[in-house]
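Notes follow once the structure below has been shown.
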Amino acid sequence: MGSEAEITGPLLAGSGAGDGDGAAAPEEVPPWREQVTARGLAVSAVLGVLFCLITHKLNLTVGIIPSLNVAAGLLGYFLVRTWTAALGRLGVVSKPFTKQENTVIQTCVVACYGLAFSGGFGSYMLAMDQKTYELIGPDYPGNRAVDVKNPSLGWMIGFMFVVSFLGLFSLVALRKVMVIDYKLTYPSGTATSMLINSFHTTTGAELADKQVRCLGKYLSISFIWNCFKWFFSGVGDSCGFDNFPSLGLTAFKNTFYFDFSPTYIGCGLICPHIVNCSTLLGAIISWGLLWPYISTKAGDWYPADLGSNDFKGLYGYKVFISVAVILGDGLYNLIKIIHATIKEIMNARAKQGRLPLVQIQDDDEGSKFSAEEKHMNDIFVKDSIPPWLAGSGYVGLAAISIATVPMIFPQIKWYLVLSAYVVAPLLAFCNSYGTGLTDWNLASTYGKIGLFIFASWVGQNGGVIAGLAACGVMMSIVSTAADLMQDFKTGYLTLSSPRSMFVSQLIGTALGCVIAPLTFWLYWSAFDIGNPDGAFKAPYAVIYREMSILGVEGFSALPQHCLAICSFFFIASLVINLLRDVTPKNVSKFIPIPMAMAIPFYIGAYFAIDMFVGTVILFVWERVNRKECDDFAGAVASGLICGDGIWTVPSAILSILRIDPPICIEKDIYKMARIRDRKTRDLNQVKCIKDARDQLLVKEDIKLRWREYFDNLFNGESEITSIQLDDPFDDANTHFMRRIQETEVREAIKRMKRGKAVGLDAIPIEV
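Read in full-length UniProt numbering, the sequence shown has 117 at position 117, and its numbers run on one by one without any break.
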């Protein structure tokens with residue numbers, strides 16, 4: 001059987017034309033220096049500006065940034081082809097445009113616009129400014145006027161330069177482990193590589209041509225479907241198919257719904273079955289069991305009237321428990337890699353242990369692509385990046401950052417920056433590993449953890465700014481490292497040199513350190529950023545500042561039992577990984593992966609359902625026609641992901657032009673569903689109410705409270721709980737009561753409407 005984690009077929013490696021009987025000759029790959037071209041860097045800079053503008057626009061309005069990797073590869077191809085065609089009409093001969101150059105452009109653009117997100121221009125940086133301080137209010141506990149630092153181009157560009165490059169050096173030495181040994185799928189990177197390979201496929205390869213047509217077909221379907229969805233997405237977060245209660249309103253409230261996302265279905269087709277099943281299991285454990293149970297403790301374990309992003313409430317459980325599972329899994333695998341490396345060095349020979357996602361292809365059925373895979377491995381390992389360069393680069397840049405960051409933010413001392421850089425590689429590995437499994441980059445989650453810890457560490461005197469600055473340091477490292485590994489996966493599948501990929505990442509990061517602040521400054525100068533009544537509300541700025549204020553209070557501010565539950569899940573993550581390694585293969589392949597389980601703990605269950613739908617489709621397809629599935633599953637998945645990714649560009653343009661969708665599906669279907677739900681409710685469905693002392697009640701106490709309420713309502717608030725009937729005249733009202741006059745009755749009858757139904761006396765008004 002073939003590996004579940006792999007997508008095989010000529011389209012991935014772009015093998016040349018073959019005769020159909022023998023193996024195709026290995027494709028010639030240009031030297032790495034020829035893959036990085038001046039025209040490629042010029043196109044990268046243009047696209048970097050465009051994508052930074054789009055990212056800032058989305059970041060400052062809705063706060064959600066889609067992946068633009070696929071769009072970067074597509075637009076890079078379009079611009080260079082347009083360039084070469086224009087020069088050709090002028091009689092100028094251009095160098096051939098290779099898929100390696102296309103990959104380098106895509107990598108450079110991703111590195112550039114990635115800093116518009118990880119730079120915190122819509123989150124932690126804005127959380128420091130005067131306007132956010134005023135929005136929260138000077139009377140808010142812990143919100144002090146001294147904890148303010150307004151944006152300026154000087155310190156923003158400087159801060160970007162001193163923190164953004166470390167992520168590139170933190171994990172570059174593990175690229176072979178992540179891409180070749182662990183065979184992590186990195187779905188967006190895989191889809192991008194298939195798209196790029198389809199642009200440059202040599203004609204004559206019959207299977208490759210079919211795969212290109214298949215990719216184009218499903219890319220078109222995905223793009224048209226997203227266009228159709230847009231018309232029904234209305235204004236706001238509750239409209240459209242992305243928020244459709246397909247499994248019922250009760251399940252929808254716990255994020256269990258199918259959101260009709262081609263991207264996540266495509267991820268389900270690409271990712272191994274065990275990854276998809278692990279995410280669904282994690283969704284069931286968290287959103288199906290754990291969070292609903294903790295919600296019943298509102299008013300007991302934590303205050304019941306907190307916001308949805310308050311660490312003191314349910315949000316604190318979600319963030320810290322998910323991170324505990326991720327850290328447990330990441331720590332185990334990092335220790336495992338270090339142990340294997342030391343053992344290899346000590347024994348002076350290679351010994352490869354069992355790895356989480358690898359299933360070795362020993363049979364004849366899986367050997368037909370072994371030569372092609374060997375060729376990709378040779379190219380990927382050939383232009384190696386020396387470990388000493390990665391290590392010395394990280395140490396040198398860390399030293400510069402340790403000396404510089406305290407100058408920009410005096411509240412964060414040098415030893416705090418040093419401690420952040422000591423633990424950053426572990427967090428970067430965890431994030432890159434999780435991204436490879438599920439395509440979710442949780443850089444913001446790690447940033448929030450750093451924010452909370454360092455704000456607590458510094459305390460009242462500067463803890464707010466120190467926490468926000470630490471958030472920036474952590475987000476920059478873990479996000480850049482994950483993007484680098486994603487691009488290494490793309491380069492591996494397009495036969496691009498790791499050196500050219502690394503150099504393009506360096507150039508793209510340098511461009512981003514300048515372009516991202518400059519494009520943000522355009523918005524900052526032209527619009528009223530942060531105004532809650534304006535177009536650019538920057539919704540996350542207030543949230544991040546409140547998180548930092550909360551962090552100053554320390555772990556004592558977390559809800560009850562949060563740390564105990566985190567410890568349990570951290571240990572459980574270690575134990576599950578250990579079981580995966582000590583049990584036989586026929587047992588371990590059914591044991592879930594903790595890293596994949598942890599993602600829906602924080603994100604929600606909806607994407608896990610989409611991915612599970614993808615894995616069910618793949619499972620049935622494998623049973624019906626295994627060969628067709630092996631040949632075309634990757635093309636179908638990549639087409640779905642690419643169509644969704646390409647749609648982000650026109651969608652963002654429509655958003656920038658303030659063109660809203662014309663229809664909100666919520667106003668019709670959701671409204672009817674909610675009305676029907678309310679009609680079927682009774683007292684037994686009430687989850688919690690408050691008693692006379694304003695304390696929250698649950699379960700059996702609710703019925704007692706209703707009984708008490710109606711007793712007081714009908715029998716009065718006095719201590720007498722029953723009516724005394726022994727002497728009914730004791731409290732009788734003996735005052736004179738005037739008789740009703742006949743004229744009053746006639747006047748009342750005249751005012752009554754005619755033609756109405758009769759009462760119990762069967763006498764109509766007209767009589």
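The C-beta atom is built at its ideal place from N, Cα and C for all residues, glycine as well. What you are looking at is a predicted structure, and each value in this text was computed from that prediction instead of being measured.
Below 8 angstroms, can you find three or more Cβ-Cβ pairs linking the region 112-120 to the region 133-149?
-> no
Roughly how many whole angstroms lie between the Cα atoms of Ser278 and Ile593?
-> 6 angstroms
Candidates Val70, His56 and Ser164: closest to Ser401 by CA position | Ser164
Just confirm the distance between the C-beta atoms of Ala424 and Met474, as a whole number of angstroms; I'd bet it's less than 8 angstroms.
-> 7 angstroms
Pro662: which of Met160, Cys227 and Ser548 sits nearest, CA to CA?
-> Cys227
Say whether the region 386-393 touches the region 283-293, bearing in mind that this needs 3 or more beta-carbon pairs closer than 8 angstroms, one atom from each stretch.
-> no
Compare the Cα-Cα distances from Asp75 to each of Pro272, Tyr492, Thr107 and Asn59 and report the closest residue.
-> According to the sequence provided, residue 75 is Leu. The question's Asp does not apply to it. Selected option, being the one with the closest Cα: Thr107.
Range covered by the alpha helix (DSSP H) that runs through Val464 | Gly463 to Leu493
Can you tell me which of the three DSSP states Ile689 falls into?
-> strand
Any heavy atom of the ligand FAD closer than 7 angstroms to the Cβ of Leu290?
-> As for the ligand FAD, it is missing from this structure, which has no ligand bound.
When the Cβ atoms of the region 93-112 are set against those of the region 34-44, are three or more pairs found closer than 8 angstroms?
-> yes
Work out the CA separation of Leu426 and Val417 for me, nearest whole Å.
-> 15 angstroms
Nearest neighbour of Met611, chosen from Leu437, Gly551 and Thr743 [CA to CA] | Leu437
For Tyr302, name the three-state secondary structure that DSSP assigns.
-> strand
Report yes if the CB atom of Phe601 is closer than 8 angstroms to the CB atom of Ser322, and no otherwise.
-> yes
Could you check the C-alpha separation between Lys756 and Ile763 for me, to the nearest Å?
-> 11 angstroms
Residues in its own chain within less than 6 angstroms of Leu725 by CB, not counting five upstream and five downstream?
-> Here Leu725 scores only 48 on pLDDT, less than 50, and its place in the model should not be relied on; the value that follows carries that caveat. Closer than 6 angstroms at the Cβ level, and outside the excluded window around Leu725, lies no residue.
Could you check where the alpha helix (DSSP H) with residue 789 kicks off and where it finishes?
-> The structure shown does not extend to residue 789, since the chain spans only 1 to 767, so no value can be given for it.
C-alpha gap between Asp581 and Ala324, whole angstroms = 20 angstroms
Buried/exposed call for Asn464, threshold 16 Cβ in 10 Å = The sequence shown places Val at residue 464, not Asn. Val464 is buried by the Cβ-count criterion.
With a Cβ-Cβ cutoff of 8 angstroms, do Leu153 and Trp440 count as a contact?
-> no
Determine the extent of the alpha helix (DSSP H) in which Arg580 is found, giving its start and end residues.
-> Cys562 to Val582
For Arg751, which residues of its own chain have a beta-carbon under 7 angstroms away from its beta-carbon, when the five flanking residues on both sides are left out?
-> none
Hey, how far is the Cα of Leu306 from the Cα of Ser295?
-> 12 angstroms
Are Thr494 and Gln211 closer than 8 angstroms when you measure CB to CB?
-> no
Rounded straight-line distance, which links the Cα of Ser476 to that of Ile381 = Here residue 381 turns out to be Val, not Ile, going by the sequence shown. Taking the straight line from one Cα to the other gives about 27 angstroms.
What residue does the alpha helix (DSSP H) around Trp706 start on, and which one ends it?
-> Asp701 to Asn715
If you draw a straight line from the alpha carbon of Gly759 to that of Arg739, how long is it in whole angstroms?
-> 24 angstroms
Give the DSSP-derived three-state secondary structure of Ser233 in the structure shown.
-> strand
Measure the C-alpha to C-alpha separation of Ala637 and Lys336 and round it to an integer number of angstroms.
-> 32 angstroms
The region 476-490 / the region 78-88 touching (three or more Cβ pairs under 8 angstroms) = no
Would a C-beta distance cut-off of 8 angstroms place Phe320 and Cys471 closer than the cut-off?
-> no
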